[in-house]
Structure formats: structure tokens, C-alpha cells
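Novice: Chains as they are written, first to last, in the working numbering: chain D, 364 to 728; chain G, 364 to 728; chain V, 364 to 728; chain H, 364 to 728. The structure's right below; bear with me while I get my questions together.
4 protein chains.
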Amino acid sequence: MAGNIFGQMFRITTWGESHGRAVGVVVDGLPAGLPFSESEIQKELDRRRPGQSDVSTARNEADRVEILSGIFEGISTGTPISMLVWNSDAQSSSYDAIKNTPRPGHADFTYMARYGIRDHRGGGRSSARETAGRVAGGALAKLLLSRFGIRIAGHVLELGGIRANPLSFEEILENVEKTPVRCADLAAAEKMLEKVTALRQEGDSIGGIVEIIVKGVPAGLGEPVFDRLDADLAKALMSIPAVKGFEIGAGFEAARMRGSEMNDPFRIEDGEITCTGNNAGGVLGGISTGLDIVCRAAVKPTPSISKLQQTVDLTTRENAEISIKGRHDPTIPPRMVPVAEAMVALVLADHMLRSGFINPGTLLE
Amino acid sequence: MAGNIFGQMFRITTWGESHGRAVGVVVDGLPAGLPFSESEIQKELDRRRPGQSDVSTARNEADRVEILSGIFEGISTGTPISMLVWNSDAQSSSYDAIKNTPRPGHADFTYMARYGIRDHRGGGRSSARETAGRVAGGALAKLLLSRFGIRIAGHVLELGGIRANPLSFEEILENVEKTPVRCADLAAAEKMLEKVTALRQEGDSIGGIVEIIVKGVPAGLGEPVFDRLDADLAKALMSIPAVKGFEIGAGFEAARMRGSEMNDPFRIEDGEITCTGNNAGGVLGGISTGLDIVCRAAVKPTPSISKLQQTVDLTTRENAEISIKGRHDPTIPPRMVPVAEAMVALVLADHMLRSGFINPGTLLE
Amino acid sequence: MAGNIFGQMFRITTWGESHGRAVGVVVDGLPAGLPFSESEIQKELDRRRPGQSDVSTARNEADRVEILSGIFEGISTGTPISMLVWNSDAQSSSYDAIKNTPRPGHADFTYMARYGIRDHRGGGRSSARETAGRVAGGALAKLLLSRFGIRIAGHVLELGGIRANPLSFEEILENVEKTPVRCADLAAAEKMLEKVTALRQEGDSIGGIVEIIVKGVPAGLGEPVFDRLDADLAKALMSIPAVKGFEIGAGFEAARMRGSEMNDPFRIEDGEITCTGNNAGGVLGGISTGLDIVCRAAVKPTPSISKLQQTVDLTTRENAEISIKGRHDPTIPPRMVPVAEAMVALVLADHMLRSGFINPGTLLE
Amino acid sequence: MAGNIFGQMFRITTWGESHGRAVGVVVDGLPAGLPFSESEIQKELDRRRPGQSDVSTARNEADRVEILSGIFEGISTGTPISMLVWNSDAQSSSYDAIKNTPRPGHADFTYMARYGIRDHRGGGRSSARETAGRVAGGALAKLLLSRFGIRIAGHVLELGGIRANPLSFEEILENVEKTPVRCADLAAAEKMLEKVTALRQEGDSIGGIVEIIVKGVPAGLGEPVFDRLDADLAKALMSIPAVKGFEIGAGFEAARMRGSEMNDPFRIEDGEITCTGNNAGGVLGGISTGLDIVCRAAVKPTPSISKLQQTVDLTTRENAEISIKGRHDPTIPPRMVPVAEAMVALVLADHMLRSGFINPGTLLE
């Protein structure tokens, strides 16, 4: 109820603050019988890790995941998997300046309104560092899904108004990690990088759009009427810090289309029923169609900018100004890609279990 | 788990099919002590009712709500409120044609993939008629919220590419019911009406955007990190049939903005902390800021069109064609307005209880 | 959260008051593909119905169940099943006397403490009439379980201190409906009947013990560590009005046993692993062993007695006296048997789905 | 859904195995503003710790709790509190003997039936060591409750058939920690100790009854109809390993009582409504009456005994024998007392939040 638990049958609980002792996750509902190891979790965490390039912060986080439970001789036992990452690089003092002056666009003010107290160091619980737990949990979800032929590819579709050309699923997978902006259209990526670099020099930031594509989802996944697959995906992506919009398939474009354009015709291909278009984005009536799931998240610009901004002083209740120091990502989408993939994986693993495509008992024969 | 229950503390369960005996809702979690009557529920249901104009179907539904429990001498008792609406106008035979040929853009195919059986008459459970239960439950949520100064206004912001000019909350409330398209900018409404009428004659349909604005929400509402107010609003609106996208505040525009544009500055006004802009749409870090909540749903065009469409025959597994008969709304947004308001009200009532702004015990002194 | 919803994957919501318009239930989670009809629900409701003999009240309830949704051509569709029973025999005026004088042993006082208002007629929501919804929902659970070879037998094991001799599962099934006290040991039943009749004449009442035995539960059902099968059974039976205790297997006797007596030895029989005793009552570590589940509920005497009792006046806040008029069951266990069976069936259906023994998708091939 | 999460608004997730790296808990829902420190958690863990006397195992567990999140400058922030205890004393090799021969009365067999794999070392997840997480979470619940005047006292009421004489709440609190059997009637404690010592020498074990009494619970706590306070208490205590029965107030005795004996009369005392007896055990109709909550758990004898027992070999599927080596508590109730207190505290904290007696927002002014 307090909101730190996500999912029904594949369920994660994340915990931890930016400058507390550690951040972590407990995964409840991974079926017994899945082989995994720290390296598979670490791989995903490394993608989320900051300090990888000029478009992400230089905080030096080792971020080594430790698995504390739920695994025996390299195989999941069906009991909860507890994982954590210690916080090593916590220079709290640099945050004293923001203790009483809420940063515009940040959760500083609303956390005070909600709780009357907050760990202000690095944003505390509202820091994107919390997403490390999601990525660790999502790594297990991905691994589980891969056993059932489901693959997920995330990429930056648009950054600072520069939009990537359409690419195939395999092209995205191949190219996305080749550039720090995680845009698989490498020409567009170049331009994005230039734009981001220029903005960083101005002390400003920029937003973008992350797209997630999922291949191999069987038809018949989703729980009408409220726990529709697309509604749960929307909640999942909207729960990531800085996301201000969600769409699936034609999305907002659908608002301007005619029925005769929008409706994906059904056809028989190789004896199977399929659609000759995918404006639906892989979901009709809240249930998967068997086509690719294609959804997007609109990401606002990084709120932490060095430009002078107006704010207030919470103690004196007078107007004030703030210039946020330290190195901050000038744009969020590149680092959000693995987080968004994780959230989509969590929703799909949950619904694969809920709809009976994966047996919650055990994967062992 | 099967997905027909929505909310945590203010919780509704809807049930019923388009051509079954009735549709209804059970509301669990309305605090004791709220006076209400059937007329307040009926008022909202009447707004959702079809057959009100050329832009909505002519099905003659009396749709009289009956309250079966949870009320004593006109006041809620804290026990579940069961409400139903009988299905009176059910001409099932007219749906025989679609039994084996799934309508493009509809849930016919996916329901068969999910359940292996479906009540095909009028779309069965996937029919928009299911939303009557949501509107009835939402009417109670609205009533509860109004006791705490929270008011909700929904309107059609865009239809067929025609966009309304910005209007104030009060202007929207005043004008929205004056036109069948529920667009408060009456000049734009005129053009929308023309476009919709033309499309109907072509046997086609069109999409649009519904916007919901909420006034009076206190700062501090929402449960990080997963049950953020905006994430729950996204799920709520995405769970409405035909919605393909959701955004809050600047929404998808935020993806093209700079941090220095997007961030809403904090200022002291009349001794209170507020923001001088509302790109956030009333939510920062998943928690309400105290400013208006402003969110939008992208609605696809009505999938039921009389134009000939390609489909398949589920029994013969051969390609087929379909032309959907009967009168159908050529556009969904106008009738969706009260449904979207209801879903937003349900989320807010739930979070007002979850965050402790409304005591779940009793409203009585 | 408000407590009227039970179960996770097989989930019921009950609603309704004793003297409201109706009582009912919505079942969410019954897989598609189960054939059923009103007669199978009615059969269980008839067993719960009062007025069947001297040991139950004479209120004339027709209690005809109506199924309003979730079924198409006699088969479940996977959508919610809404069922109701109209309240026909509601003589509210006879309850005016108890409006302000809470009946000892009843929920009158605590409902006022909790809600500040209550429908006092016939106990309102706290009336045993609410259990009609449970029995209707449980009838579907039983039907589902029977498809998987699981059978449930309930009986009165003890009444007024008279204990039945041990009987086999089949003997219980055969005899239990032969006597109004629902004790399968017919000699003991005779004595129970005498005792109850004598107490009724004194204006008093008596308690007893209901036992439920389940055959055919596979080994491996239950979710450690909190949602153990026995913990969920305990909650299920303790949620029935008038139950004050629960035990499984050796139960309270286990508190006086040695480990060497209590532990059920494992043995190979016909190549299968089994136990040569069942002190565990079919559950070890919260998971079913494959042996019969045997559990019991201690039922207090009917609180409604005609003997003069001490109470208070809620309005004047002075001491008062009360003698409860009308015909009331002098003992609850006989009528509780079908309710307890229903609750056990609901728990088992839920866990069969949760543990993957029943596929939540569809029962159809 | 996988069963490792308990509670609705005050919610804990426990994780960890007996011989894994650590055991722990995440508490979600503790309101902001509660001062606490590791010492208050440690105090409760120390009570649960083994090796304190002849009646508990000699395993040397330091069991130092570490708080990893959710606290800032000594005060809860409203975010999840993650706590863990490292497993230091893990001699896994001593458990090789039981890998393939399930111990009678243990969960070894059922875990294999459920998951197809298990961490057999020390019982893995089914070990009582898991309850360390409950005790740590319960310590926070207790602390929260104490702010609202609610106090909890647990004690061993009966052990090996020896029953303590009735004592007052204050006497129990004063005496219970004076003897290793945690029986506040010190004369009875002496006899229990003798009995347990004798049984240990025989290589056998014995059961008993733990009683929990709660003072200061306001009237009006509990959520009919399913989430009754007593139903949730039953689930809570039945979820503790080795518990086979639960009762509240008169409990199983109620089954033999008359209504005129059982019903607690209402009276006015000092202007307040109260009862002149407490056969109800503080709960009527699932809602607290304001009197003491009195409930009991029947605990079976320790299943680990050195006496030779019959079992089977899971690999050869042949009959086998087992004698369980190592030091094991010859009786469970004394060490269960703090665990049972924790579970009761968790239920009460949850319901205090659910019913609105504690505001979930913040405890700060």
C-alpha cells in the first residue's frame, strides 16, 4: 500500500536511498528452477551505471550486486531473492545547499509535503538510484522471459527533437550499445550527442523519448478489464522518474487517425491468424495480439541544471534562487533505456504467470 | 488478480457483459457517513448514456441504476455498495455475423486467444458498456472528493485533428455539456461536429484527445515509488477501452523541452509555496504539488466502421471480409469524458484514503 | 482493503445486508470453460437456508440465486460472475427494540464503534445472511475443484459437549444430511438434537465444533511463508461469524504431545511417498502433503437468546436489559457446515490456481 | 502472491534461508516521523536468539541487525526500511544426512513437492530462522503501537501439559523473562523446565501453548467481513512454523458453553460502555471491543528429535530411518513468544492504519 511493491505474481519490493547504506530489491514469485548468477544481474546494472560517458554523470559507482537469498547451487528455489548494491560514493555534504531550497522539477518539495521529513542527500528515495533495484529485479524477469522466447529491446527514439529513423528489432539490438545516447540510428545518434554536449555547456538539459519493443509475446496475455497489459505497461513506465507520457502502438497519433487507417486488418499467414499492421502496438482490448509490443515513454529534461533557477526557502518561507552544482546527466533517456526494459520485463513476467503461460510452481520437470 | 478489481482502499469491482442480464459494480471502501442517493449516480450515468445525439449510438438504454446495499436511511454505512443497471435493449441476433469474424481493432480475437470462449454479443465483456459500472463507482468517488473540495472537469480537447483553444476550469465546466462533442470551445466544437458528421456518412470514424483537470487536490498525495499518483492515473485512463496514450502536464512536449523551460519555478504567493508554471501537471516525483492535475488520454477512432474491412474466419481459418452493421458512435471521446472523469475520481479517492487525507473510519463526527 | 474481498486468484467480493434489498457476490478469477448452472449454486444455498428444522430459524427465505454475468451458453467465460439473492422476508420493525441496545455477543456495539452508523435491522452486514454470498461463490469453487478430483465433506463433530464417533469420509458424506444437526454419527446426532431442543425451551443456546475434511488435494499446495495453506484456512474459517477457534490435524492436542508421537512417519506405499499418520492434518510447513486436509472450527453458542441479558442504552448511556425476541437457531454449527465447506473450497481453489495446479487461462482444450 | 509478503498498509516482506548469506525484512508502510534505532530492534531479536539456555539450541548467533534504509537522522522517513542479519554460523555439512531423507514433521518433503528443489541446509527457507525478519519488522510495529498506548505481552501458558495459573498483564510482563521457559507463573515454570529437561535426555520433544495479551486497543479496529481482526490474527499466528491451532477469548471452550454463559454483558462503567467479561477475547463481529485482546496458539512438539524415526529416501524411493543429530530445542513455545508478539503487533499496526487510528501520512506535526 505504501507503494514500494510492484507486480502481482512476479513481485518486487525496492528499498534504499541515494545516500543511505545501500539500495536493493526483493523479488517474490520467481518460479523455482531458473539457473542464474550475479553476472547476469550485473550486466544489466552496468548498463544503468552512471559515469560511462559525457552524457551521464561521473559518479564512480562500482555497483556490484550481491545476491543474498533464494538461490541454491546456482538455481532459483522459489523463495524470495534478495539483492543489494552498497552505496560507496556518498558525498552528502555537497547536498547541504539543497536541504531547504527545493529544486524545481524535483520531488524535494512534494516529499516534504507528503512525509514532513526527507533524506535530502542526493534526492534520497526519489533519486534515480532507486532504479538499480528495479534493474536487478528486471534482469531476473528478462531471464525468465527469455526461456519462453520473449526478447526485449529498448532504445532512444528521440532526443532533443532529433528523431531516429525506423530500424528493425535486430538492428536496434545490434547498434544500441554502440553509442552513449543509446540511439540505434547511428547518424541520428551523432546529432543527438552534439546537441546534448552543447546543452551541457550551457548548463541546461533536454528531454527525449524511449521506445521499448518486445518480440515473442504470445497472443492472450493480459487481464481485462483493469489490469490490461497496456494499462500495466503504462503504470510501469510512468512510475520511472521523469516520465511524463506513455503511448502504445500508434499512440497519440491514433487521436488523429480514421478507423479505416487505424484498424489493423486480420489475415491468415502460414495458417496462423495475424495482423497486417501493428497500429495496436501488440495489444487489443488489453490482451496481447501476438505481434510485437511497441510502447514509448516521454521523458522530461533532467531537472538538475546549473542555470540559475527560482525557488523558495522552506524554513524562512521566502523566495530564493538555486544553481545546482555537481555533474548531472544533461539528458535522461540514454540511461533510462535499461530501466524501461526492466519495467516492461517485470510486467510481462507478471502477466505470463498470471495468464498461465508460465507455471508458478516450478520450471523443473 | 483476474483484473476486474481497481483501487486499493477505495476499490471497485465491475462485472457484466454488453448483452448479459445486467452490468454493475461493487464499491468497497467508501467510508461510513456519506449521504447519497440514486439520483447522484444516475446523473453521471446519464452523461455516459448513448443515443444522446448524432455523435453517439441510438441504442435506447434506460440505464436506471439500482443501489442494492451499503446505504441506510440515505447514508453510507461503510459496507460495500452494490449497484446495477439491467440490460434491456439486447438484440443479440444482430451480432451473429461477427461471431466467427473478429472485428479489426476490437478485442474479439484477443478474447478468444485468452479465454478460448467469449460472449460475442455486442463485444460481451469488452464492450464499452462495462464502463457503466465504473461511472457508477466513480460517481461515489466524486461525491466523496467534493466533500474535501476536489472538483473534476473533463472535456474533449481535440477531435479529428481540430484542437480546442485553452479555456479556464470554470469555462470548461460551464460549456462542456452544451455541445454533443463535449468540447468547451464552442467554435471548435462546431467544426468537430461537422467533421464527425462527414465521417459518419463515409462509414468511417475518427479519434481524439480527452483532457481531465482536477482542482483542489492537496499537496502530498501519492505513494512513491511505484504507486505514484501519475502512474496510477496512467493505468486508470489506459484501462478505458480505445485509449492508446496518456500524458500529464507537458506530457510528450516535455520530450522536446529544455530543463530551463520545463522546470516549474517555486515561489511564495500569499505566504504559501506554489509554482509559477504547471508543466508538471500537478505531480512531481509521483506526489501531488497542490496545483491542478492536468492529464490527457489519446483515444483511437471507433473500430466499428461500416466500411469493408479485411478479417479472418475463426472456424475455417480463411481470409474474410467484414462490414460492421448497426449504428455506432463515429467517435469515442465525447462519451468517454464521464468515464475518464470517473477513473480519475477513483484514483484520487483511493489516494486521499491511502495518504490519510480522508479517514477510512467514518465521516461522521 | 475494506475487507469484503477474499482470495487472490480466485477472488470473491460479497455485499449486502440482512434487511437490505439483496445479498450477493462477485466471483473474479474462475477460469473460462467451466460448465455450470443456477441449480448447482442453488443446491448449496438450500443447505444453508434457515427454516429447515427445529434447530434452525423459521424465516421463510426462498433464496433463489440469480446469475447475472460471466456465463455464456452455460459455460464460464473467464469474466466476473455476479450472483445475487433478493431479500424477501424482511420484517424490519421487529428489530426496533435492538436499535439502541447492543445485543451481548453480537457485533452491534463494535459496528457502531467502527462506523458510527449501522443498519441495525437483523444485524445488517454482520448478519449470517451475508454468508449466502460466500456459499454461492464457494459452490463455484467446489465445482472447479471437483474437476480436479478434490472433494470436501463438512460435518458437526461436536455439539453441546456431545462428540461424534470417528467416521470415514464416505460415511460422513452419506449420513450428514440425514439429520438436522448435520452430525454423521446418527446416534450422537440424536443426543445432540435432544440437548438443543431442551436448551431452546430454556431460551438458551449452545456451541459446537464443525470439522471439514478434504480428499484429493495434491501434495505441493501452499505459499510459504505467510500464505501457508493452513494459515489461509485459519483466516477463512475464523472469518465466519461465531467462530472462536481453528485447528488443523492434531490441533490443540499437539500442544500436549511428544515429537515421537506427533511426527507422521513417511513410508513408501505402492511406490508413492505417503505418511502413516495424519497428525499434520495434511499440511507441513504450510504446504499440502497429499493426505486429507482435516481442520476444525470452534463455534460459540448463538448469541441471540431470549433469556434476559444485561446491556446498555447507546443513547442514554445507561444500563439496560434485553430479551431477544423472534425465532433464532439455538445452535449455529449445523447451518455453518455448508458455509465452512464454501470457505475451505475458496481457499483451495485459490491455491490450486496460485500454485499452478489449475491453469488460470482456460479449462478448454 | 508467492506468499512472502504480510499485511496491507503495514507490510513486511521477509527473505532468506537458514544457511544462506543472510536473513532480512523490508518494512513498507511505517509512517514518517517515528524515532528508532538498531538497539530497539536488537532487543527483540535477542529474545528470539537461540542458545540462551538448556531449552533452546546452542547455535551461536550474534544476530546483529543492520538497518540499511528508511531512516534519516534517527527518524523514519516513510520510505521502506530494509533490515538484515548476516548468517555467520552455518555448518552446512551437518545437514548432508537429511538431504534425501525428509525429516518427519518437517517441511522437507512438501518443499520438494512444491518447488522440485530446495536448500536443505538447516531447513532452508522453512527454518525458524526466517522468523528473525518477522521479529525485526514486528519490533517496529510494536514501537509504533506503543506511541498509541498499545502494549503486548506474550507468555507460555502451557507446556507439556503443565498449565500456568492465571496472572495479570502486569505480572506476566514482570515475570516472563525470568525463566527460560517464558512462563510467568514461576512455580509452573519450574515444573515445565523439569519436564523439558527430561524429554531432552530421552531424545524427545514436547508441545505447548503460547498466549498473547494486548492492552490498549481502541474499540473499532477490524475490517468485516473477511479481514476481521480475529481472522487476521489467526492467519498471523498460524503462519508461524509449528503452530497447529488458534483461538481467541473462550476459544474452543466456547464450543461447550451456553449463550447465557458465553455472552459478555455490556455495562456502563465510569460513563463508558464496557463488558463485564471477556469471553470474546476483545473482538466481536471481527471488530475490537476495546477490552484486552487475548489469543492463543497451539504449538506442536519440535519435530527434530534424536529418536530413531521412519522416513523414506527421495532418490531411491525406499523406506529409510533417520535420527536427527545436532542440538535442537526440545520445545518451541519459549522461543516462539517474541515471534508471536511480533506477528500480533504486525496485525494491529496494519489495522490501526487501515481503520484510520494511525495516519499513514506522517507522525510529525
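Virtual Cβ for every residue (Gly too), placed ideally from N, Cα, C.
Roughly how many whole angstroms lie between the Cα atoms of residue 720/G and residue 714/G?
Specialist: Within the second sequence, numbered from 1, the residue matching residue 720/G stands at position 357. Within the second sequence, numbered from 1, the residue matching residue 714/G stands at position 351. So the alpha carbons of these two residues sit roughly 8 angstroms apart.
Novice: Cα separation between residue 614/G and residue 624/G?
Specialist: To locate residue 614/G, count along the second sequence from 1; it is residue 251. To locate residue 624/G, count along the second sequence from 1; it is residue 261. Answer to the nearest angstrom: the Cα atoms are 13 angstroms apart.
Novice: Among the candidates 542/D, 398/D, 405/D, whose CA atom is the shortest distance from the CA of residue 509/D?
Specialist: Locating residue 509/D in the first sequence gives position 146, where the first residue counts as 1. Scanning 542/D, 398/D, 405/D for the CA closest to the CA of residue 509/D turns up 398/D.
Novice: Does chain V have any CB closer than 8 angstroms to the CB of residue 552/H?
Specialist: For this step, residue 552/H is matched to residue 189 along the fourth sequence. Output row for residue 552/H: interface = no.
Novice: Within 8 angstroms (strictly less), CB to CB, does residue 718/H reach chain V?
Specialist: Taking the fourth sequence and counting its residues from 1, one reaches residue 718/H at position 355. Yes, residue 718/H lies at the interface with chain V (some Cβ there is under 8 angstroms from its Cβ).
Novice: In chain order, what residues of the segment 606-623 of chain H put their CB closer than 9 angstroms to some CB of chain V?
Specialist: 606, 607, 608, 609, 610, 611, 612, 613, 614, 615, 616, 617, 618, 619, 620, 621, 622, 623
Novice: What three-state label does DSSP hand residue 553/V in the structure shown?
Specialist: The residue labelled residue 553/V in the question sits at position 190 within the third sequence. In the structure shown, residue 553/V sits in a helix (DSSP, three-state: H, G or I).
Novice: So what does residue 390/H bridge to, in DSSP terms?
Specialist: Within the fourth sequence, residue 390/H is the residue found at index 27, counting from 1. Per DSSP, 375/H, 444/H.
Novice: Between the beta-carbon of residue 317/H and the beta-carbon of residue 520/H, is there less than 8 angstroms?
Specialist: Any property of residue 317/H remains undetermined from this structure, which presents chain H solely from 364 to 728.
Novice: Give me the DSSP bridge partner(s) of residue 608/V.
Specialist: Counted from its first residue, the third sequence places residue 608/V at position 245. For residue 608/V, which the question treats as bridged, DSSP gives the partners 661/V, 610/H.
Novice: Tell me, please, whether the CB atom of residue 722/D is closer than 8 angstroms to any CB atom in chain V?
Specialist: Translated into positions along the first sequence, residue 722/D becomes position 359. Answer yes: the Cβ-Cβ gap between residue 722/D and chain V drops below 8 angstroms somewhere.
Novice: For residue 458/V, would you say it is in contact with chain G, using Cβ-to-Cβ distances shorter than 8 angstroms as the test?
Specialist: Counting from one through the third sequence, the residue named residue 458/V turns up at place 95. No, no contact with chain G.
Novice: Please tell me whether residue 366/D has its Cβ less than 8 angstroms away from any Cβ of chain V.
Specialist: By one-based count along the first sequence, residue 366/D stands at place 3. Not closer than 8 angstroms to any Cβ of chain V, the Cβ of residue 366/D fails to qualify, so no.
Novice: Taking just the CA atoms, how far does residue 505/H sit from residue 450/H?
Specialist: Along the fourth sequence, one-based indexing puts residue 450/H at 87. Along the fourth sequence, one-based indexing puts residue 505/H at 142. Their backbone Cα atoms lie some 25 angstroms apart in a straight line.
Novice: Please classify residue 697/G: is it buried, with 16 or more other beta-carbons within 10 angstroms of its beta-carbon, or exposed?
Specialist: Counting from 1 along the second sequence, the entry for residue 697/G is found at position 334. Buried, because 16 or more other Cβ atoms sit within 10 Å of the Cβ of residue 697/G.
Novice: With a threshold of 8 angstroms between beta-carbons, can residue 432/D be considered close to chain H, or not?
Specialist: For the purposes of this step, residue 432/D is taken as residue 69 along the first sequence, with counting starting at 1. Yes, because at least one Cβ of chain H sits closer than 8 angstroms to the Cβ of residue 432/D.
Novice: Does DSSP put residue 684/H in a helix, a strand or coil?
Specialist: Taking the fourth sequence and counting its residues from 1, the one referred to as residue 684/H is at position 321. Here residue 684/H sits in strand by DSSP.
Novice: Could you check whether the segment 659-675 of chain G touches the segment 604-623 of chain G, counting it as contact only if at least three pairs of C-beta atoms, one from each stretch, sit closer than 8 angstroms?
Specialist: yes
Novice: For chain H, is any of its Cβ atoms less than 8 angstroms away from the one on residue 567/V?
Specialist: Start at 1 with the first residue of the third sequence, and residue 567/V comes out as number 204. Closer than 8 angstroms to some Cβ of chain H, the Cβ of residue 567/V qualifies, so yes.
Novice: Pull up the distance between the alpha-carbon of residue 668/H and that of residue 692/H, whole angstroms please.
Specialist: Here residue 668/H refers to the residue found at position 305 of the fourth sequence. Here residue 692/H refers to the residue found at position 329 of the fourth sequence. Distance between the alpha carbons of residue 668/H and residue 692/H is about 9 angstroms.
Novice: Would residue 512/H count as contacting chain G if we go by Cβ distances under 8 angstroms?
Specialist: For the purposes of this step, residue 512/H is taken as the residue at position 149 of the fourth sequence. Among the residues facing chain G, residue 512/H is not included, as its CB has no counterpart in that chain under 8 angstroms away.
Novice: For residue 467/H and residue 627/V, which I take to be in contact (beta-carbon distance under 8 angstroms), what is that distance rounded to the nearest angstrom?
Specialist: The residue you call residue 467/H lines up with position 104 of the fourth sequence. The residue you call residue 627/V lines up with position 264 of the third sequence. With a Cβ gap of about 6 angstroms, residue 467/H and residue 627/V count as contacting.
Novice: If you check the beta carbons only, do residue 578/H and residue 676/H fall under 8 angstroms apart?
Specialist: In the fourth sequence, counting from the first residue as 1, residue 578/H sits at position 215. In the fourth sequence, counting from the first residue as 1, residue 676/H sits at position 313. No, the pair does not count as a contact, with Cβ atoms beyond the cut-off.
Novice: Is the number of C-beta pairs between the segment 483-497 of chain D and the segment 371-390 of chain D that are closer than 8 angstroms three or more?
Specialist: yes
Novice: Between residue 407/H and residue 700/G, what straight-line distance do the alpha-carbon atoms span, to the nearest angstrom?
Specialist: The count along the fourth sequence starts at 1 and reaches residue 407/H at position 44. The count along the second sequence starts at 1 and reaches residue 700/G at position 337. When rounded, the distance between both Cα atoms is 54 angstroms.
Novice: Any beta carbon of chain V sitting closer than 8 angstroms to that of residue 503/G?
Specialist: Here residue 503/G refers to the residue found at position 140 of the second sequence. Judged by the 8 angstroms Cβ criterion, residue 503/G is not in contact with chain V.
Novice: For residue 370/H, return the contacting residues in chain G, with the cut-off set at a CB-CB distance below 8 angstroms.
Specialist: As a first step, residue 370/H must be located in the fourth sequence, where it is residue number 7. Within chain G, no residue comes near residue 370/H; the closest Cβ sits about 13 angstroms away, beyond 8 angstroms.
Novice: Indicate whether residue 498/G and residue 596/G have their beta-carbon atoms separated by less than 8 angstroms.
Specialist: On the second sequence, position 135 is the one that residue 498/G refers to. On the second sequence, position 233 is the one that residue 596/G refers to. No, these two residues do not count as a Cβ contact at 8 angstroms.
Novice: Would residue 583/G pass as an interface residue toward chain H - the criterion being a Cβ-Cβ separation below 8 angstroms?
Specialist: The residue you call residue 583/G lines up with position 220 of the second sequence. It does: the Cβ of residue 583/G has a partner Cβ on chain H nearer than 8 angstroms.
Novice: My assumption, with CB atoms under 8 angstroms, is that residue 344/H sits in contact with residue 536/H. Please give the rounded CB distance.
Specialist: Chain H is shown only over 364 to 728; residue 344/H falls outside these bounds and no answer can be derived.
Novice: Tell me the DSSP bridge mates of residue 674/D?
Specialist: Within the first sequence, residue 674/D is the residue found at index 311, counting from 1. The partner list for residue 674/D (beta bridge, DSSP) reads 683/D.
Novice: How about residue 562/D: is its C-beta nearer than 8 angstroms to some C-beta of chain G?
Specialist: The residue given as residue 562/D occupies position 199 in the first sequence. Chain G contact via Cβ: present.
Novice: With a floor of 4 residues, list each alpha helix (DSSP H) that falls wholly inside the segment 446-529 of chain H, ordered by position along the chain.
Specialist: 471-478, 494-509
Novice: Does residue 628/V come out as helix, strand or coil in the three-state DSSP assignment?
Specialist: Position 265 of the third sequence, counting from 1, holds the residue named residue 628/V. Three-state result, residue 628/V: coil.
Novice: Counting only C-beta atoms, is residue 373/G closer than 8 angstroms to chain D at any point?
Specialist: Within the second sequence, residue 373/G is the residue found at index 10, counting from 1. Taking Cβ atoms only, chain D never reaches closer than 8 angstroms to residue 373/G, which makes this a no.
Novice: Put residue 603/G into one of helix, strand or coil per three-state DSSP.
Specialist: As a first step, residue 603/G must be located in the second sequence, where it is residue number 240. Note: residue 603/G maps to coil in three-state DSSP.
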